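Worksheet: one structure, shown below.
There are 6 protein chains.
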Amino acid sequence: MPPLIYVTRRAHFSAAHRLFNPSFSDQENDAVFDKCANPHGHGHNYYVEVTVAGSADPRTGYVIDLKRLKAIIEEHFIAHVDHKHLNLDVAFMHGVIPTAENIAVACWNQLEPHIGQGRLFSVRLYETENNFAEYKGAHT
Amino acid sequence: MPPLIYVTRRAHFSAAHRLFNPSFSDQENDAVFDKCANPHGHGHNYYVEVTVAGSADPRTGYVIDLKRLKAIIEEHFIAHVDHKHLNLDVAFMHGVIPTAENIAVACWNQLEPHIGQGRLFSVRLYETENNFAEYKGAHT
Amino acid sequence: MPPLIYVTRRAHFSAAHRLFNPSFSDQENDAVFDKCANPHGHGHNYYVEVTVAGSADPRTGYVIDLKRLKAIIEEHFIAHVDHKHLNLDVAFMHGVIPTAENIAVACWNQLEPHIGQGRLFSVRLYETENNFAEYKGAHT
Amino acid sequence: MPPLIYVTRRAHFSAAHRLFNPSFSDQENDAVFDKCANPHGHGHNYYVEVTVAGSADPRTGYVIDLKRLKAIIEEHFIAHVDHKHLNLDVAFMHGVIPTAENIAVACWNQLEPHIGQGRLFSVRLYETENNFAEYKGAHT
Amino acid sequence: MPPLIYVTRRAHFSAAHRLFNPSFSDQENDAVFDKCANPHGHGHNYYVEVTVAGSADPRTGYVIDLKRLKAIIEEHFIAHVDHKHLNLDVAFMHGVIPTAENIAVACWNQLEPHIGQGRLFSVRLYETENNFAEYKGAHT
Amino acid sequence: MPPLIYVTRRAHFSAAHRLFNPSFSDQENDAVFDKCANPHGHGHNYYVEVTVAGSADPRTGYVIDLKRLKAIIEEHFIAHVDHKHLNLDVAFMHGVIPTAENIAVACWNQLEPHIGQGRLFSVRLYETENNFAEYKGAHT
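Residue numbers (the numbering used here), protein chains in the order written: chain E, 5 to 144; chain H, 5 to 144; chain P, 5 to 144; chain F, 5 to 144; chain D, 5 to 144; chain G, 5 to 144.
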């Protein structure tokens with residue numbers, strides 16, 4: 005078997021979100037989520053790094069054409085979340101608390117069926133320069 | 005007169021905003037502000053660079069103590085905007101379209117009366133890595 | 005007169021270039037340009053920061069709509085230089101040694117006639133994280 | 005066995021390259037490599053992160069002296085590719101399509117015989133801020 | 005078992021250090037540690053990335069509340085090393101050569117008993133933009 | 005007169021320093037400099053951006069050859085401060101409190117006599133990502 009190479013494409017989106025659990029009282033939400041529970045929300049410049057593992061096609065030198073990976077990320081994830089409110093505007097986030105953890109998992113689930121060349125290896129979601137979450141699928 | 009030195013302190017906040025003019029029709033808002041007019045808003049990790057010009061105090065080597073400048077920025081600006089919705093939660097932004105330009109001017113107006121040592125020289129506001137606005141006061 | 009605000013849009017391109025003066029001997033080119041004179045060229049990820057000065061339109065909060073500035077930069081500069089060899093593929097660089105200085109001036113000349121709102125204030129061209137050149141027009 | 009520590013040294017080079025397969029027709033090259041197939045090439049500021057795994061020598065606190073790792077990377081990789089055209093000037097890239105994937109593998113092969121302390125664990129090659137490839141050797 | 009998610013919090017400290025082994029002669033210290041052995045020390049802006057692995061709590065969406073992780077890092081590591089001399093001021097570094105490797109291990113040992121939610125997965129310590137060390141515990 | 009272009013070279017050094025005024029009491033030093041007065045010092049990864057203004061030489065496209073500017077910065081500034089304690093090891097800092105302001109002025113004074121092509125326009129000294137000082141000479 006040819007050795008694995010891991011290729012990563014980074015993409016960006018700007019979004020608003022609010023961290024709260026509708027089954028919590030206001031006091032519980034404030035205790036757990038603090039200023040992230042602000043009712044009108046706040047927002048971030050998010051970066052997502054999507055990594056695909058596979059062997060390089062000897063005819064192209066590509067594990068996956070990064071232009072194609074960019075297009076998959078754009079169509080199935082960025083177009084749904086960029087310049088949106090993650091709690092209110094995004095079908096695949098309905099009923100999900102939009103923490104970095106849950107956004108990373110949602111991004112994985114959006115992208116995984118469409119990769120085709122190689123296999124999706126990880127999704128890393130940066131909420132700020134200081135906070136990020138990474139997901140490598142259900143089998144890890 | 006001793007020569008000028010320019011010292012800068014950078015601070016960070018995460019906020020939601022929506023660009024729209026309430027006196028515009030929805031169509032006008034969409035034409036002008038495009039995806040930034042999304043009704044539920046979106047958000048950013050903002051960085052602000054606040055520059056004070058003055059001469060260095062020979063006893064301390066400071067134009068202005070950056071710990072004090074940090075505290076002024078925190079008290080009079082960051083505490084009002086961090087983890088907030090700029091259109092809905094911020095008294096000094098009421099009636100102002102929260103573009104990078106207008107946030108930079110508002111930040112200047114919030115900070116300028118409190119500097120004390122040296123004089124406020126510029127406020128630079130980064131909305132993303134690719135977009136920023138700078139304001140140097142009304143006399144420039 | 006309303007106070008000036010300076011808004012900046014950053015754009016990116018990847019290009020090859022070679023520094024040499026065809027009127028120099030090979031030895032002179034090597035002495036002046038050293039490894040930058042490599043005959044087959046080398047390349048960079050360039051970043052350009054384009055700053056427009058003006059007052060904010062009270063109806064929009066914009067000095068210039070950054071989406072429009074982005075489109076001007078794309079059409080009149082990036083489309084001509086991205087994924088190109090600056091010495092061989094770019095009409096407005098013919099006969100110009102593609103130093104950071106000269107690329108910044110060429111970018112200014114390409115953009116200046118198209119700004120329309122506010123006035124072009126500066127073009128800053130990053131060749132690497134450690135090298136950049138800035139041009140503010142012929143009148144400075 | 006003492007626990008593993010992973011130490012990484014980052015290095016930089018500027019190079020030109022062209023993505024194309026000489027056995028493809030021009031149309032095929034354009035279809036696969038798009039603007040990366042520009043005949044005169046384009047270029048990048050590449051960053052490479054080289055990671056060595058091992059245990060810390062109790063007398064020095066080093067897995068591998070990073071000054072020595074820096075020198076190995078410089079002698080066996082950077083000196084061959086910096087300010088070069090990867091398709092035309094680099095012996096160990098002859099006949100290889102210089103994708104991020106293939107450059108990462110070539111870097112691994114250049115460095116691996118020279119590490120000596122610890123073992124080479126990964127080579128990560130950044131082509132831009134948005135694209136990178138990582139290789140961990142043939143046994144993974 | 006629910007799938008693992010890896011959440012990371014980055015923190016910063018500024019510190020002085022000197023690399024030398026008191027059982028070495030001055031000549032040996034200079035040969036091994038070169039300019040890092042300067043008797044009065046030098047310093048860095050260090051960044052540490054602390055990663056915790058676990059499953060997301062369905063009620064909060066958190067593997068570990070990053071505010072709590074931030075507080076643990078602050079109390080048990082940053083407060084001891086920020087604006088300190090690592091050789092002279094830090095109890096848990098006594099007798100340890102403060103290389104990036106050894107600081108990463110010391111940080112792990114300081115934090116590991118306090119995590120509580122999920123398990124500590126890795127500590128990555130950046131000494132500069134070009135040098136970093138990562139530790140994943142004694143069992144790897 | 006040909007128009008001005010501003011070229012900048014960035015350089016890096018790692019150093020220790022301590023902020024204190026020997027004519028102050030310990031209490032005064034603690035009150036003014038807080039944790040920066042730690043007796044054993046702390047340290048930073050400093051970045052300095054040196055800008056030279058001039059017109060481009062039509063034969064080279066250079067305001068100043070950045071390789072020469074790099075060498076001037078290295079010889080007259082970096083070699084004196086890198087991996088040093090700024091209070092104890094640096095002749096041109098003796099008797100100077102090593103604030104960002106004073107380091108920027110000292111760097112200017114070290115470099116200004118050696119520029120030769122164009123004129124030194126500014127020295128910007130980054131102490132951290134959040135703190136920097138800029139000096140443009142005594143005539144501003």
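Ideal placement from N, C-alpha and C gives every residue a C-beta, glycine not left out.
These numbers were taken from a predicted model, which means no experiment stands behind them.
- Contact annotation for E/ILE9 against chain F: GLU105, ALA108, VAL109, ALA137, GLU138 and TYR139 [CB-CB distance below 8 Å, chain order].
- DSSP, reduced to helix, strand and coil, places P/ASN135 within a strand of the structure shown.
- Using a C-beta cut-off of 8 Å, the stretch 96–106 of chain F makes no contact with the stretch 23–38 of chain G, since fewer than three inter-stretch Cβ pairs fall below that distance.
- Rounded to the nearest whole angstrom, the C-alpha separation of E/GLY47 and E/GLU79 is 22 Å.
- In the three-state reduction of the DSSP assignment, E/ARG63 falls in the coil class, being assigned neither a helical nor a strand state.
- In the structure shown, D/LYS74 adopts helical secondary structure according to DSSP, grouped into three states.
- Secondary structure at H/HIS84: helix, using DSSP grouped into helix, strand and coil.
- With a 10 Å radius around the Cβ and a threshold of 16 neighbouring Cβ atoms, H/GLN31 comes out exposed.
- Interface with chain G (8 Å Cβ-Cβ cutoff): H/GLY65 is included.
- Spanning the alpha carbons of P/LYS88 and G/VAL54 requires a straight line of approximately 30 Å.
- Taking a C-beta distance under 8 Å as the contact criterion, H/ILE68 and H/VAL11 qualify as a contact pair.
- A Cβ of chain H is located within less than 8 Å of the beta carbon of G/ALA142.
- Against chain H, the beta carbon of G/ASN25 has neighbours under 9 Å at ARG63, THR64 and GLY65, listed in chain order.
- In this structure, DSSP gives F/PHE28 a state outside helix and strand, which the three-state scheme calls coil.
- At a cut-off of 8 Å between C-beta atoms, D/ASN49 does not count as an interface residue with respect to chain F.
- Residue-level contact check: P/ALA83 does not touch chain H, since none of the beta carbons of chain H fall below 8 Å from its beta carbon.
- Interface with chain G (8 Å Cβ-Cβ cutoff): H/ALA41 is excluded.
- When secondary structure is reduced to three states using DSSP, G/ALA95 falls in the helix class.
- H/VAL52 has a beta carbon lying at 8 Å or more from every beta carbon in chain P.
- In the DSSP assignment, the residues bridged to G/LEU124 are G/VAL56.
- If you look at E/ILE107, you'll find it isn't in any beta strand (DSSP E); it sits in the alpha helix (DSSP H) that goes 104–115.
- The beta carbon of F/ILE101 falls within 8 Å of a beta carbon belonging to chain E, placing the residue at that interface.
- DSSP places F/VAL36 in the helix class (H, G or I) of the three-state scheme.
- Nearest to G/VAL36 by alpha-carbon distance, out of H/ILE82, H/GLY58, H/THR64 and H/TYR51, is H/THR64.
- Around the CB of P/GLY120, fewer than 16 other CB atoms lie within 10 Å, so the residue is classed as exposed.
- 8 Å or more divides the Cβ of P/ILE9 from the Cβ of H/ALA110.
- Contact of D/ARG14 with chain E is assigned, a C-beta pair being separated by under 8 Å.
- Separation of G/GLU131 and E/ALA95 (C-alpha to C-alpha, rounded to the nearest whole angstrom) is 45 Å.
- Here D/HIS44 carries a coil assignment [DSSP, helix/strand/coil].
- Just so you know, the alpha carbons of G/TYR50 and G/ASN91 end up roughly 15 Å apart.
- If you draw a straight line from the Cα of P/GLY122 to the Cα of H/ASP38, it is about 21 Å long.
- If you draw a straight line from the Cα of F/HIS16 to the Cα of P/ALA20, it comes to about 16 Å.
- Flagged as an interface residue toward chain G: D/GLY45, by a C-beta distance shorter than 8 Å.
- Residue-level contact by beta carbon fails for H/GLU116 and chain P, as no gap is shorter than 8 Å.
- Contact with chain D is found for G/ALA20, since one of that chain's Cβ atoms lies less than 8 Å from the residue's Cβ.
- In this structure, G/ASP93 lies near D/HIS44, with their beta-carbon atoms less than 8 Å apart.
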